[in-house]
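Colleague: Residues in the sequence shown are numbered consecutively from 1, following UniProt numbering.
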Amino acid sequence: MLVLDAAFFRRWMAAMAAAVDREAGSLTDLDSAIGDADHGSNLQRGFAAVAAALDKEPPATPGAVLALAGRQLISTVGGASGPLYGTLLRRTGKALGDDAEVTPGRLAAALGAGVDAVAQLGGAKAGDKTMLDALIPAVRALGESSFGAARSAADEGAVATVPMQARKGRASYLGERSIGHQDPGATSSALLIGTLADTAEADA
Ligand code: ADP
Ligand code: MG
């Protein structure tokens, strides 16, 4: 069975930094439609800082990798997404504790705690057209099935935000005019889950 160590989590964060670099332009385009056109650059700055910090002093446990990544996002990203993604990773890391290796089931449960913390911090729930619309179904699919199922659920969750009206964050100021656009944060969350699945599949 696949066991996930600190090096796995560092590879995941490096893959996410590369994906955000590649997709920064399209994330910012999505945010220019219903926000302030900074989501791509926010995450590019944030995950570049994550990758640099993890390279400089590689933490020894999965939990410590995610805790360091979360702290970097909170301190380097000004937008709403920095504290929200930072909380997701910090809380997930905390739930993983000090173990040197974790199972996929353990990660699914820890991510569930992370997603709950995001919902608590931002006050959003499923259907509000936020990152949670990709994360909630992805974490459920990871717990019930596989990394590949989590990737599909996250991608479908991001696309499902198109007809939604935003009820949280900057996009909610647009009211009904937010309908018809894919949420930038749900799109970047699908990248986060997609790079997790890529990293797991490369190991399998
Ligand atoms: P800002 O809105 O401050 O410019 P970003 O553009 O980086 O920050 O991130 C916007 C994304 O953050 C949105 O697309 C949405 O997915 C997510 N978001 C905003 N507010 C919330 C919230 N209260 N709960 C969950 N996610 C949110
Ligand atoms: Mg923005």
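Beta carbons: idealized from backbone N, C-alpha and C, even for Gly.
State whether the region 163 to 181 contacts the region 140 to 150, with contact taken as three or more CB pairs (one from each stretch) at a distance under 8 Å.
Modeller: No, they do not touch.
Colleague: Near LYS125, which residues of its chain fall below 8 Å by C-beta distance, leaving aside the five closest residues on each side in sequence?
Modeller: The residues are ALA119 and LEU132.
Colleague: Report all residues from its chain with a CB closer than 7 Å to the CB of LEU27; omit the five preceding and five following residues, and keep chain order.
Modeller: Cβ neighbours of LEU27 beyond the five flanking positions: HIS39, GLY40, LEU43, PRO184, THR187 and SER188.
Colleague: Mapping the DSSP letters down to three states, classify GLU176 as helix, strand or coil.
Modeller: Here GLU176 sits in helix by DSSP.
Colleague: When you compare the region 6 to 21 with the region 47 to 58, are there three or more beta-carbon pairs, one atom per stretch, that lie closer than 8 Å?
Modeller: Result yes; three or more Cβ-Cβ pairs closer than 8 Å.
Colleague: Distance, Cα to Cα, ILE193 vs ALA138?
Modeller: Spanning the two alpha carbons is a distance of roughly 7 Å.
Colleague: Shorter than 8 Å, the distance from the beta carbon of LEU174 to the closest heavy atom of ligand 1, or not?
Modeller: No.
Colleague: Given this structure, state the Cα-to-Cα distance separating GLY63 from GLY157, to the nearest angstrom.
Modeller: Roughly 26 Å separates the two Cα atoms.
Colleague: Any heavy atom of ligand 1 closer than 8 Å to the Cβ of SER145?
Modeller: Incorrect: SER145 has no Cβ contact closer than 8 Å to ligand 1.
Colleague: List the endpoints of the continuous alpha helix (DSSP H) containing PRO83.
Modeller: Taken as a continuous stretch (DSSP letters only), the alpha helix (DSSP H) holding PRO83 covers 81 to 96.
Colleague: Whole angstroms are fine: how far does the CA of THR161 sit from the CA of GLU76?
Modeller: For clarity, residue 76 is Thr in the given sequence; the question names Glu instead. One C-alpha to the other measures close to 27 Å.
Colleague: Using DSSP with H/G/I as helix, E/B as strand and the rest coil, what is ASP5?
Modeller: Note: ASP5 maps to strand in three-state DSSP.
Colleague: Would you kindly check if the distance between the Cβ of MET16 and the Cβ of LEU191 is under 9 Å?
Modeller: Yes. Within cutoff.
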